[in-house]
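A.B. asks: Quick one: structure below, then a few questions.
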Amino acid sequence: MGNTLEEKIRQILDRCLGLDSGQAVMSRLSGGITNHNYKVTLGDRSLVVRLGGTGTEHLGINRHYEGQTAKIAAKAGISAAVLYSDPHHGILVSEFLEGQTLSPEMARTPEIFSNLVAVIKTIHRAPSFPGSFCPFATVSRYYQDSFKRKVIFPESADDALVVMGTIEKALGGHRPQVSCHNDLLSGNFIKDKTKIWVVDWEYAGMGDLFFDLGNFSINLELSIEDCTKVIQAYFGELNTSHLARLHLMRLSSDLREAFWGYLQSAVSLLDFDFRGYGEKHLTRFFQNRSSGDFVTWIKAVK
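First residue of the sequence shown? That's 105 in the numbering used here, and the numbers climb one at a time after it.
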């Protein structure tokens with residue numbers, strides 16, 4: 105393939121999709137901190153071409169599983185149609201979804217909020233995704249890989265891992281597994297005139313539905329009151345154990361993001377402050393851990 109990213113994309117269009125790359129207009133999509141994403145417009149049609157970033161295999165991303173999952177999600181009507189996938193080179197081409205990428209503020213509005221919870225339930229009811237995801241095993245792997253790469257952790261990192269062990273033990277080891285997205289950032293939701301779509305299936309797999317709910321809640325910066333609304337909207341009623349699991353998975357989500365950032369600081373070539381990203385999430389982890397409700401949550405899930 106060509107040397108520049110745009111040359112590579114033109115070759116994908118020509119050789120793999122049978123399109124005329126000479127007519128293509130390309131623009132880089134902002135917001136991603138793992139890969140290279142481009143919008144490609146050919147006449148009245150638009151596509152998204154994703155070129156995988158460096159070292160993404162260290163993040164637990166399986167490109168074979170990702171492509172399969174994206175197709176399952178598209179068939180379920182919750183994600184864009186996949187036009188081409190080359191897992192060996194980290195290439196994924198899909199239809200461009202015309203709509204508005206949600207911000208945390210938009211996502212918290214009542215109408216959109218209820219629709220988002222409904223979309224998450226649809227994901228969880230989808231046919232089984234290939235692969236699996238456990239936040240605790242993921243954090244441990246990120247930590248070990250970062251340590252081998254001589255990443256310098258803040259002194260509080262060891263304390264965070266101890267707290268993680270407490271959470272994992274409280275939640276138990278035999279949690280029901282459903283199809284999960286596992287990366288529910290507000291930017292992975294796109295709202296058009298009729299529905300909300302979900303994109304970016306890199307970390308998807310069979311997992312604990314409460315991680316998705318906790319991940320969703322912390323990424324949208326939901327208040328304690330709104331977390332209660334998530335449980336009520338998802339289950340149709342408030343259950344103390346369910347709410348406690350959501351809060352513990354909110355903590356686990358920030359811990360995953362923190363150690364993801366530390367590992368990315370050692371493997372990614374993208375121009376981004378990954379260490380700062382990790383420290384931001386570790387700080388928020390400890391702020392929420394310091395809540396007087398932590399012990400209550402631990403007891404409530406037993």
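Glycine is no exception: its CB is placed at the ideal position from the N, C-alpha and C atoms.
Predicted model, so just to flag it, every value in this text is computed and none were measured.
Quick one: what's got a C-beta closer than 8 Å to valine 334's C-beta in the same chain, skipping five residues either side?
C.D. replies: Residue 334 sits at position 230 when you count from the first residue of the sequence shown. The residues are Val221, Leu317, Phe320, Ser321, Leu326 and Leu350.
A.B. asks: Flag this pair as yes or no: are the beta carbons of serine 290 and histidine 228 separated by less than 8 Å?
C.D. replies: To locate residue 290, count along the sequence shown from 1; it is residue 186. To locate residue 228, count along the sequence shown from 1; it is residue 124. No; because the gap between Cβ atoms is not below 8 Å, this pair is not in contact.
A.B. asks: Going by other Cβ atoms of all chains shown within 10 Å of its Cβ, with 16 needed for buried, is serine 131 buried or exposed?
C.D. replies: In the sequence shown, counting from the first residue as 1, residue 131 sits at position 27. The residue is exposed, with fewer than 16 neighbouring Cβ atoms inside 10 Å.
A.B. asks: Between the beta-carbon of arginine 212 and the beta-carbon of leucine 324, is there less than 8 Å?
C.D. replies: Taking the first residue of the sequence shown as 1, we reach residue 212 at position 108. Taking the first residue of the sequence shown as 1, we reach residue 324 at position 220. The answer is yes: Cβ separation under 8 Å.
A.B. asks: Can you tell me the Cα-Cα spacing of histidine 410 and leucine 155, whole angstroms?
C.D. replies: The requested residue 410 is not part of the displayed model; the chain covers only 105 to 406.
A.B. asks: Helix, strand or coil for leucine 187, going by three-state DSSP, please let me know.
C.D. replies: The residue given as residue 187 occupies position 83 in the sequence shown. Here leucine 187 sits in strand by DSSP.
A.B. asks: Let's see if you can read the secondary structure: which residues bound the beta strand (DSSP E) around serine 283?
C.D. replies: Counting from one through the sequence shown, the residue named residue 283 turns up at place 179. Here the beta strand (DSSP E) through serine 283 covers 282-284.
A.B. asks: Pairs of beta-carbons, one from the stretch 296-305 and one from the stretch 158-168, closer than 8 Å: are there three or more?
C.D. replies: Not touching, per the Cβ criterion.
A.B. asks: Assuming glutamate 199 is part of the beta strand (DSSP E), what are its boundary residues?
C.D. replies: Residue numbering aside, residue 199 sits at position 95 when the sequence shown is read from its first letter. Here the beta strand (DSSP E) through glutamate 199 covers 195-199.
A.B. asks: Let me make sure I understand the geometry here. Which of Ile256, Met268 and Ala261 has the alpha-carbon closest to that of alanine 241?
C.D. replies: For the purposes of this step, residue 241 is taken as residue 137 along the sequence shown, with counting starting at 1. Minimum Cα distance to alanine 241 is reached at Met268.
A.B. asks: Taking its Cβ as the centre, do 16 or more other Cβ atoms sit within 10 Å of valine 266, making it buried, or is it exposed?
C.D. replies: Taking the first residue of the sequence shown as position 1, residue 266 is located at position 162. So valine 266 ends up on the exposed side.
A.B. asks: Look at alanine 296 and glutamate 202 and say whether their C-beta atoms are less than 8 Å apart.
C.D. replies: As a first step, residue 296 is located in the sequence shown; it is residue number 192 there, counting from the start. As a first step, residue 202 is located in the sequence shown; it is residue number 98 there, counting from the start. In the sequence on display, residue 296 carries aspartate and not alanine. A contact, by the Cβ cut-off of 8 Å.
A.B. asks: For the alpha helix (DSSP H) containing phenylalanine 398, list its first residue and its last residue.
C.D. replies: Position 294 of the sequence shown, counted from the start, is the residue given in the question as residue 398. Its alpha helix (DSSP H) spans residues 398-404.
A.B. asks: What residue from Arg167, Asn139, Leu133 and Tyr338 has the CA that sits closest to lysine 225's CA?
C.D. replies: As a first step, residue 225 must be located in the sequence shown, where it is residue number 121. Ranking Arg167, Asn139, Leu133 and Tyr338 by Cα distance to lysine 225 puts Tyr338 first.
A.B. asks: Check whether the Cβ atoms of alanine 308 and threonine 145 sit closer than 8 Å, and answer yes or no.
C.D. replies: Within the sequence shown, the letter at position 204 stands for residue 308. Within the sequence shown, the letter at position 41 stands for residue 145. No. Outside cutoff.
A.B. asks: With DSSP as the reference, label glycine 147 as helix, strand or coil.
C.D. replies: Here residue 147 refers to the residue found at position 43 when the sequence shown is read from its first residue. In the structure shown, glycine 147 sits in coil (DSSP, three-state: anything other than H, G, I, E or B).
A.B. asks: Looking at C-beta atoms only, is the number of pairs between the stretch 135-154 and the stretch 109-118 that lie closer than 8 Å three or more?
C.D. replies: Enough Cβ pairs lie closer than 8 Å, so yes.
A.B. asks: Taking the alpha carbon of serine 198 as the point to measure from, which residue in Thr344, Ala177, Leu352 and Glu215 has its own alpha carbon closest?
C.D. replies: In the sequence shown, residue 198 corresponds to position 94, counting from 1. Cα-wise, what sits closest to serine 198 is Ala177.
A.B. asks: What does arginine 132 pair with, by DSSP beta-bridge criteria?
C.D. replies: Here residue 132 refers to the residue found at position 28 when the sequence shown is read from its first residue. In the DSSP output, where bridge partners are listed per residue, arginine 132 has Tyr142.
A.B. asks: Output the boundary residues of the alpha helix (DSSP H) element that contains phenylalanine 320.
C.D. replies: Locating residue 320 in the sequence shown gives position 216, counting from the first residue. Counting along the chain, the alpha helix (DSSP H) containing phenylalanine 320 begins and ends at 313-323.
A.B. asks: Since phenylalanine 251 contacts asparagine 286 with CB under 8 Å, what's their CB separation in whole angstroms?
C.D. replies: To locate residue 251, count along the sequence shown from 1; it is residue 147. To locate residue 286, count along the sequence shown from 1; it is residue 182. Between asparagine 286 and phenylalanine 251 the Cβ distance is about 23 Å, and since that is not below 8 Å, they are no contact.
A.B. asks: Closest by CA to phenylalanine 314, which one among Pro280, Leu206 and Ser218?
C.D. replies: As a first step, residue 314 must be located in the sequence shown, where it is residue number 210. Out of Pro280, Leu206 and Ser218, Pro280 has the C-alpha closest to the C-alpha of phenylalanine 314.
A.B. asks: Rounded to the nearest angstrom, how far is the Cβ of serine 232 from that of methionine 310, given a contact under 8 Å?
C.D. replies: As a first step, residue 232 is located in the sequence shown; it is residue number 128 there, counting from the start. As a first step, residue 310 is located in the sequence shown; it is residue number 206 there, counting from the start. Serine 232 to methionine 310, Cβ: 6 Å. Contact.
A.B. asks: Go ahead and label valine 255 buried or exposed: buried means 16 or more other beta carbons lie within 10 angstroms of its beta carbon, across all protein chains shown.
C.D. replies: For this step, residue 255 is matched to residue 151 along the sequence shown. It is buried - the Cβ of valine 255 has at least 16 other Cβ atoms within 10 Å.
A.B. asks: Indicate whether arginine 114 and alanine 128 have their beta-carbon atoms separated by less than 8 Å.
C.D. replies: On the sequence shown, residue 114 is found 10 positions in, with the first residue counted as 1. On the sequence shown, residue 128 is found 24 positions in, with the first residue counted as 1. Contact flag set, yes.
A.B. asks: Where does histidine 385 land, buried or exposed, given buried means 16+ other C-beta within 10 angstroms?
C.D. replies: Translated into positions along the sequence shown, residue 385 becomes position 281. It is buried - the Cβ of histidine 385 has at least 16 other Cβ atoms within 10 Å.
A.B. asks: In the structure shown, what three-state DSSP assignment does phenylalanine 389 receive?
C.D. replies: Your numbering for residue 389 matches position 285 in the sequence shown. If DSSP states are grouped into helix, strand and coil, phenylalanine 389 belongs with the helices.
A.B. asks: The beta strand (DSSP E) that contains phenylalanine 293, what's its start and end?
C.D. replies: Sequence index remark: in the sequence shown, residue 293 carries index 189 (1-based). It spans 293-295 - the beta strand (DSSP E) in which phenylalanine 293 sits, taken as one unbroken run.
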